[in-house]
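S.K.:
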Amino acid sequence: MGRLFVFAIVSQIPYIWFSPGKLNIMPTILVGLWVIWLHENGGRYGFLLAAILASTGDIVNLQYGSYGLFMIWIFHIFMSDKGLASLAYAAMSVFFAWASGWSFSMVFQSLSIFSLFLIFKDWKIHMRLNRYFFYFFYPGHIIAILLIESLI
């Protein structure tokens, strides 16, 4: 989690140029890991503490807000059962769409349910990437988007 924390800070620097005043996805992933950690290691109150932390996503303005944190948690809880994971994912998507007053963005986000077959597919591709590849890829793709945007 320490490396992810450092990476979240470092990757935020180019992201500020791309989207001032907003956080990139890395803090959401980091807090999602904290939610999982609380659930697994929080003892008697672990589930409650994890739920409270997951509920703060909108307050601190994380990308995807509480929805994103609960989705990370759902994938962890149901990682061994694709059917239950899909059902929980669909239920959570509908709940958040309803809770938002059926806002366009949440209804649209609910369509991500159709990506689950790609997520759960057993891909037979075996690639080896340098362990540092994504440390450069993520900020690099943000910079590439900025360059393309400046040309348009």
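Just so you know, my numbering puts the end of the sequence shown at 168, numbered straight through with nothing missing.
No residue lacks a Cβ here, since even glycine has one placed at the ideal position from N, Cα and C.
Assuming S116 contacts M108 (C-beta within less than 8 Å), just tell me the rounded distance between them.
M.R.: One-based indexing of the sequence shown puts residue 116 at position 100. One-based indexing of the sequence shown puts residue 108 at position 92. S116 to M108, Cβ: 12 Å. No contact.
S.K.: For G73 versus V47, is the C-beta spacing smaller than 8 Å?
M.R.: Against the sequence shown, residue 73 aligns to sequence position 57. Against the sequence shown, residue 47 aligns to sequence position 31. Taking 8 Å as the Cβ cut-off, G73 and V47 qualify as a contacting pair.
S.K.: May I have the straight-line CA-CA distance separating V26 from L49, to the nearest angstrom?
M.R.: Mapped onto the sequence shown, residue 26 falls at position 10. Mapped onto the sequence shown, residue 49 falls at position 33. Distance between the alpha carbons of V26 and L49 is about 18 Å.
S.K.: Enumerate in chain order the residues of its own chain whose CB-to-CB distance from L162 is below 8 Å, with the five nearest sequence positions on each side excluded.
M.R.: Here residue 162 is taken as the residue at index 146 of the sequence shown, counted from 1. Correct list, in chain order: P30, W33 and F34.
S.K.: Would you kindly report the start and end of the unbroken alpha helix (DSSP H) that includes M122?
M.R.: For the purposes of this step, residue 122 is taken as residue 106 along the sequence shown, with counting starting at 1. Counting along the chain, the alpha helix (DSSP H) containing M122 begins and ends at F120 to S126.
S.K.: Please state the DSSP three-state secondary structure of V76.
M.R.: Walking along the sequence shown from the start, residue 76 turns up at place 60. Looking at V76 - three-state DSSP - the assignment turns out to be coil, as it is neither helix nor strand.
S.K.: Please confirm whether V51 and A24 have their CB atoms less than 8 Å apart.
M.R.: Walking along the sequence shown from the start, residue 51 turns up at place 35. Walking along the sequence shown from the start, residue 24 turns up at place 8. Not closer than 8 Å, so no.
S.K.: May I ask which residues mark the beginning and end of the alpha helix (DSSP H) holding S27?
M.R.: Locating residue 27 in the sequence shown gives position 11, counting from the first residue. Segment G18 to F34, the alpha helix (DSSP H) holding S27.
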